[in-house]
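Numbering (our numbering), first residue to last: 2 to 153.
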């Protein structure tokens, strides 16, 4: 499995921790996020005292994951805060997360699209015209993955 696939799988691992160990508060956070139309990670701070990115990064450290994986988990919602060394990886995860949320590819539990960071698109050398082809590619790959999962 390559690094980008791993990051796609692990970036929201903190949500699973919340679901398992703070179930009621996490469910309230999900409802409040949808009701107030604000990103889930903001509401998690309010109801749980930390967000899934912080908890996921903590778990990554416990599991002795690489620094780059921990950095992506921690900052995928706030890419401008990432360490310069890993910022490109964080921004790639942020872009993928943004596209999947906006286009409803999968279900992260977060009904509110994450913030659009213009700094990410600028750093990656992308313009508005680049976004539709990227979205189409993500949709195609998502459909392929769904087909593969039917065989499991």
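No residue lacks a Cβ here, since even glycine has one placed at the ideal position from N, Cα and C.
Should the segment 31–46 be called in touch with the segment 134–144, which here means at least 3 C-beta pairs below 8 Å? Touching, no.
Assigned secondary structure, residue 134 (DSSP; H/G/I helix, E/B strand, else coil): Residue 134 falls in the helix class under three-state DSSP.
From which residue to which residue does the alpha helix (DSSP H) around residue 48 run? 41–49 is the span of the alpha helix (DSSP H), which, as asked, contains residue 48.
C-alpha gap between residue 83 and residue 105, whole angstroms: So the two alpha carbons sit approximately 26 Å from each other.
Between 78, 40, 41, which has its C-alpha nearest residue 226's C-alpha? Absent from the model: residue 226. The displayed extent of the chain is 2 to 153, so no value can be given.
Out of 127, 17, 114, 66, which has the shortest C-alpha to C-alpha gap to residue 7? Of the candidates 127, 17, 114, 66, the one whose C-alpha sits nearest the C-alpha of residue 7 is 66.
Give, in chain order, every unbroken run of the alpha helix (DSSP H) that is at least 4 residues long and sits entirely within the segment 63–129. Complete alpha helix (DSSP H) runs here, min 4: 68–76, 88–103, 119–124.
Terminal residues of the continuous alpha helix (DSSP H) containing residue 3? From DSSP, residue 3 is part of no alpha helix (DSSP H); its letter is neither H nor E.
Check whether the Cβ of residue 20 lies closer than 8 Å to any Cβ atom in chain C. The structure shown contains no chain C, having only a single protein chain.
Does the separation of the CB atoms of residue 80 and residue 117 fall below 8 Å? No, the pair does not count as a contact, with Cβ atoms beyond the cut-off.
Where do the N-terminal and C-terminal ends of the alpha helix (DSSP H) with residue 24 fall, by residue? The continuous alpha helix (DSSP H) containing residue 24 extends over residues 24–37.
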